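Remarks on the structure that follows.
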Amino acid sequence: MSELTKSSGNPIVDKIRAFARSFGLPRLIIAGFLLLLFIMAPFVGANFFTQLSNTLNRFSWNAVLVLSMVPMIHSGCGLNFGLPLGIIAGLLGGTMAIEVGATGFASFWVAVLFATPFALVLGGLYGFLLNKIKGGEMMIATYVGFSSVSLMCMMWLLLPYHSPNMVWGYAGKGLRTTISLEGYYNGALANFLQINIGHLSIPVGTLLFFALLAFGIWAFLHTKTGTAMTAVGSNPNFARAAGINIDRTRLLSVILSTWLGAVGILVYEQGFGFIQLYMAPFNMALPAVSAILIGGATVNKATITNVIIGTFLFQGIVTMTPTVMNSMIHMDMSEVIRVIASNGMIIYALTRKSEVSR
Amino acid sequence: MKEKSFASKIWNLFRNNSVPFMFIIICAVCIPISGFSLNYLLAEIITRIARNSFLILSLLIPIMAGMGLNFGMTLGAMAGEIGLILVSDWQIWGIPGMVLAMIISIPISVLLGVICGKIMNLARGREMITGYIMNYFINGIYQLIVLYAMGAIIPIVHSSIILPRGYGIRNTVSLLSMRQSLDNLLAIRFGGIKIPVMTFAVVALLCLFIVWFRKTKLGQDMRAVGQDMEVARAAGIDVERTRIISIVMSTVLAGFGMIIYLQNMGNLSTYTAHSQIGMFCIAALLVGGASVDRASIGNVFLGVTLFHLMFIVAPSAGTVLMGDSMIGEYFRVFVSYAVITFALIMYETKKRRTSSLAGRELALAQKEADK
Chain A
0 MSELTKSSGN PIVDKIRAFA RSFGLPRLII AGFLLLLFIM APFVGANFFT QLSNTLNRFS
60 WNAVLVLSMV PMIHSGCGLN FGLPLGIIAG LLGGTMAIEV GATGFASFWV AVLFATPFAL
120 VLGGLYGFLL NKIKGGEMMI ATYVGFSSVS LMCMMWLLLP YHSPNMVWGY AGKGLRTTIS
180 LEGYYNGALA NFLQINIGHL SIPVGTLLFF ALLAFGIWAF LHTKTGTAMT AVGSNPNFAR
240 AAGINIDRTR LLSVILSTWL GAVGILVYEQ GFGFIQLYMA PFNMALPAVS AILIGGATVN
300 KATITNVIIG TFLFQGIVTM TPTVMNSMIH MDMSEVIRVI ASNGMIIYAL TRKSEVSR
Chain B
0 MKEKSFASKI WNLFRNNSVP FMFIIICAVC IPISGFSLNY LLAEIITRIA RNSFLILSLL
60 IPIMAGMGLN FGMTLGAMAG EIGLILVSDW QIWGIPGMVL AMIISIPISV LLGVICGKIM
120 NLARGREMIT GYIMNYFING IYQLIVLYAM GAIIPIVHSS IILPRGYGIR NTVSLLSMRQ
180 SLDNLLAIRF GGIKIPVMTF AVVALLCLFI VWFRKTKLGQ DMRAVGQDME VARAAGIDVE
240 RTRIISIVMS TVLAGFGMII YLQNMGNLST YTAHSQIGMF CIAALLVGGA SVDRASIGNV
300 FLGVTLFHLM FIVAPSAGTV LMGDSMIGEY FRVFVSYAVI TFALIMYETK KRRTSSLAGR
360 ELALAQKEAD K
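Just so you know, the sequences run in chain order A and B. Per numbering that gives the first Met the number 0, the very first residue in the first sequence carries number 0; after that it's consecutive. Per numbering that gives the first Met the number 0, the very first residue in the second sequence carries number 0; after that it's consecutive.
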């Protein structure tokens with residue numbers, strides 16, 4: 000890093016260094032790696048447009064989940080490792096929509112409708128808890144997520160669901176681990192206004208939905224309440240002096256994050272085509288966290304641009320490495336590379352100096 | 000009057016040890032329902048105490064140094080596993096194999112411990128979450144080494160260990176020739192219950208070491224750092240170095256603990272054996288009444304007994320109560336996580352309360368001074 004700060008006589012080199020510094024070295028490496036993968040793709044026999052479509056598709060599934068990080072980071076609650084809680088609200092909404100017999104395009108909106116009260120209640124409780132433990136949010140959030148996922152594992156078995164498409168065939172009760180969304184909200188957004196040109200297919204509906212939510216969050220952060228939220232995150236003492244109710248602002252941000260998590264998992268499912276229950280939400284927080292960090296966010300600063308860049312880079316690497324690496328060196332190292340890169344990014348962000356709000 | 004103070008004493012005892020009491024109640028309810036014989040339970044518990052307590056004891060030193068629960072102990076476990084893989088490739092079995100695996104694990108553990116300690120020094124105040132993410136990060140590197148480098152760069156010859164493709168280690172490495180070699184050494188059979196005397200002796204040795212270590216200069220330094228970093232620095236203690244040493248010691252001990260754990264199990268699941276070990280050890284320690292900033296050897300043994308008792312009886316109690324064994328399985332996972340969550344919340348609220356109390360006292364003192 001020290002080399003980056005040194006000045007050389009050449010103004011262009013200086014400019015490049017300044018750019019590298021502002022962009023962040025790890026992000027630069029990851030972006031360069033992805034660019035390299037895209038360049039390599041045609042040489043190893045993978046169609047460029049197919050790869051781009053895959054990346055865009057995966058981007059559209061995950062973007063809302065990553066977006067759900069933003070409100071909590073803004074209010075100084077740190078990275079939302081408790082994302083599974085929001086996901087659970089979404090799963091409850093999705094399964095209930097199927098249970099009441101909603102089908103097709105409408106079932107997605109029914110699912111969102113059902114998920115909302117759960118997200119509000121769970122998010123409220125979660126926010127109340129996080130206000131009690133300011134400063135230790137991230138570790139506790141992780142374990143709140145884990146406990147709630149394992150509690151729900153029991154609940155999925157015990158809750159009185161009856162729809163034959165969801166419960167185990169022979170027992171007649173207890174939800175299956177994977178539920179197909181065929182006939183329900185599979186592709187509810189993705190098939191809307193989908194553009195297909197040759198190998199390239201763009202899920203415009205999902206992207207529009209994400210754009211709508213992202214714009215909503217952006218606009219919200221520029222309202223009076225939103226500005227107050229940013230103030231609480233960047234300097235809680237200043238915020239208190241300005242007469243902002245810190246606890247209420249944080250609570251609001253947590254509820255917002257939880258609700259976005261709930262909607263995010265529904266968007267993910269409509270693209271993926273399946274509801275995954277039981278232990279599936281367990282490890283969904285880490286990819287979302289590292290995506291937003293790769294996008295350039297820090298523990299207490301995040302923008303919509305970070306979300307878009309980060310999700311694209313992260314999902315790009317997830318989709319591209321298997322195809323390109325496999326055909327290049329005949330070894331599937333993609334999983335290992337993904338694990339090292341994404342978690343390395345989280346550690347990098349955690350070690351950056353930033354004021355921890357107390 | 001005396002009666003009341005006795006009642007409040009009991010209440011205080013209960014409040015300060017709510018987690019162990021909760022577990023005693025859970026176990027007391029579940030044991031009769033599960034229908035296991037006392038003999039069976041006793042045998043199981045003794046095995047599990049021998050198997051796990053070394054690992055859990057490795058958590059004590061970072062707690063002493065004020066670094067919280069060392070979620071990074073998994074790094075040591077991975078180092079121990081690498082030692083075991085190499086030793087079983089060289090076909091060195093029994094006690095010599097175990098000792099050699101421990102010796103191999105030491106440099107790896109020290110290296111990982113130093114890295115982990117340095118990173119934790121950068122992420123001060125967030126040690127636990129950093130250690131937790133370090134698990135995943137180093138796990139990636141572990142996979143890179145074990146799945147790709149072993150056989151390709153690091154010579155592995157034995158066909159029972161290496162994947163047929165020529166590099167990478169199989170999903171399970173059999174440690175059958177090493178199985179319980181430490182446990183069976185000098186073991187006493189007592190009415191059908193095997194007591195692994197040698198393993199207990201090793202654990203006792205570690206306990207003695209920890210008791211002795213607390214009294215050394217370094218141990219005292221660690222406690223000072225744990226109490227207050229700034230005061231310790233003012234007293235001339237190299238805070239950063241002390242913290243790194245505490246993590247290194249914990250990592251090395253965790254490596255040894257993992258080898259003891261695996262010799263009891265008798266096989267090594269190469270890619271999954273370490274993934275849950277940190278969580279279960281930490282949960283067990285907390286069940287024993289430890290908190291993030293205070294843990295004793297007593298907590299370790301109480302915790303391992305209660306936690307594993309619950310682990311044994313929960314699935315069959317779940318089957319009897321709900322007619323589904325999965326409920327019990329999920330229940331015990333839920334309880335492990337819930338205990339950690341609860342302990343973390345208790346710690347954070349207590350920390351906040353004491354800091355606000357200290358602030359109030361300071362304000363009061365200033366007001367007094369102004370008068």
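Even for Gly, the Cβ is constructed at its ideal location relative to N, Cα and C. On a predicted model such as this, the values are computed, not experimentally measured, just so you know.
- With a threshold of 8 Å between beta carbons, A:Val65 makes no contact with chain B.
- Between the beta-carbon of B:Ala342 and that of B:Val291 there is about 7 Å, and that keeps the pair under the 8 Å contact cut.
- For the region 129 to 149 of chain B, the set of residues with a beta-carbon nearer than 8 Å to any beta-carbon of chain A comprises Thr129, Tyr131, Ile132, Met133, Tyr135, Phe136, Asn138, Gly139, Ile140, Gln142, Leu143, Leu146, Tyr147, in chain order.
- The beta carbon of B:Ala283 sits no closer than 8 Å to any beta carbon of chain A.
- By the neighbour-count criterion, in which 16 or more other beta carbons inside 10 Å mark a residue as buried, B:Asp88 falls on the buried side.
- For A:Val317, no CB of chain B lies under 8 Å from its own CB, so it is not counted at the interface with that chain.
- For B:Leu121, the neighbours in chain A by C-beta distance under 7 Å run, in chain order, Thr350.
- Bounds of any beta strand (DSSP E) do not take in A:Lys300, whose DSSP letter is neither H nor E.
- For A:Asn164, the closest alpha carbon among the candidates A:Ala348, A:Ile274, A:Phe113 is that of A:Ile274.
- Under the Cβ criterion of 8 Å, B:Asp323 is counted among the residues facing chain A.
- Under the Cβ criterion of 8 Å, A:Cys76 is not counted among the residues facing chain B.
- In summary, the residues of the region 113 to 143 of chain A whose CB is separated from some CB of chain B by less than 8 Å are Leu128, Lys131, Ile132, Lys133, Gly134, Gly135, Met137, Met138, Ile139, Thr141, Tyr142, Val143, in the order they occur in the chain.
- Partner residues in the beta bridge of B:Thr171, as assigned by DSSP, are B:Ser268.
- Taking a beta-carbon distance threshold of 8 Å, B:Thr340 counts as an interface residue toward chain A.
- Secondary structure at A:Lys172: coil, using DSSP grouped into helix, strand and coil.
- Annotation for A:Ile243: no alpha helix (DSSP H) segment contains it, and DSSP assigns it neither H nor E.
- Between B:Val299 and B:Ile62, the C-beta spacing is not below 8 Å.
- Judged by their CB atoms, B:Met72 and B:Ala283 are not nearer to each other than the 8 Å cut-off.
- With a threshold of 16 other beta carbon atoms within 10 Å, A:Pro83 meets it and is buried.
- Taking the C-beta atoms as reference points, B:Ile137 is found no nearer than 8 Å to A:Leu349.
- Remark: C-beta atoms of A:Ile345 and B:Ile132 approach each other more closely than 8 Å.
- Exclusion of the five residues before and after A:Leu250 leaves Gly126 as the residues of its chain whose Cβ lies within less than 6 Å of its Cβ.
- Distances from the CA of B:Ile311 to each of B:Glu239, B:Tyr329, B:Ser173 were compared; the closest alpha carbon is that of B:Tyr329.
- In its chain, beyond the 5 residues on either side, His73 have a beta carbon closer than 6 Å to the beta carbon of A:Thr229.
- The bridge partners DSSP lists for B:Arg293 are B:Ser290.
- Distance check between B:Ala316 and each of B:Ser4, B:Val18, B:Phe13, B:Ile30 places B:Ile30 closest, using alpha-carbon atoms only.
- Taking 8 Å as the CB threshold, A:Val335 lines the interface with chain B.
- Here B:Phe13 is exposed, its C-beta having fewer than 16 other C-beta atoms within 10 Å.
- Per the coordinates, the alpha-carbon of A:Ile87 lies some 8 Å from the alpha-carbon of A:Pro280.
- With a threshold of 16 other beta carbon atoms within 10 Å, B:Arg359 falls short and is exposed.
- Note that the C-beta distance between A:Gly85 and A:Ser179 is not below 8 Å.
- Boundaries of the alpha helix (DSSP H) around A:Lys131: 103 to 131.
- The straight-line gap separating the alpha-carbon atoms of B:Val210 and B:Ser52 is approximately 15 Å.
- The contact set of B:Ala337 on chain A, defined by CB atoms closer than 7 Å, consists of Ser146 in chain order.
- In the structure shown, the three-state DSSP call for B:Met149 is strand.
- Relative to A:Leu78, the option among B:Ala42, B:Leu68, B:Arg125, B:Glu367 whose CA is nearest is B:Arg125.
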